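So the structure is just underneath, and the comments pick up after that.
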Amino acid sequence: MRIILSALLFGIFCFYSVTISAAELRMHKVDADGHLIAVWEKSVRNPKGHILLHHGRTWSSLPDFDLQVEGEDLSLISICRLRVRICP
231 MRIILSALLF
241 GIFCFYSVTI
251 SAAELRMHKV
261 DADGHLIAVW
271 EKSVRNPKGH
281 ILLHHGRTWS
291 SLPDFDLQVE
301 GEDLSLISIC
311 RLRVRICP
């Protein structure tokens, strides 16, 4: 199910094959029921909206949502940033 949902979300945003400049990745530490978790943020100036991507506590969301591979645009976070910026 997770793979299907990820593929669907990725497919929705893949219509825009534009290279996105690297943005500052910020980590926020949040206490969740006594467990310290990391919440990652990438932002654009004057956003038109916000997107929250949730992942489980036992595995970092960075490899899933912000995959960085030289020469390829594989980051779902970056694609979402572009989509929010260019859509009305």
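Numbering-wise (my numbering), the sequence shown opens with residue 231 and increments by one. Cβ atoms here follow ideal geometry from the backbone N, Cα and C, with glycine treated the same way. Please read these numbers as outputs of a predicted model, since none were measured by experiment.
The three-state reading of DSSP puts I281 in coil, since its state is none of H, G, I, E or B. DSSP, read as helix, strand or coil, puts L306 in helix.
For L283, same chain residues with a beta-carbon under 6 Å away, outside a window of 5 residues either side, are F295 in chain order.
Secondary structure note for V269: its beta strand (DSSP E) is the uninterrupted segment H265 to E271.
Excluding its 5 nearest sequence neighbours in each direction, L266 has C-beta neighbours in its own chain below 7 Å: K259, listed in chain order.
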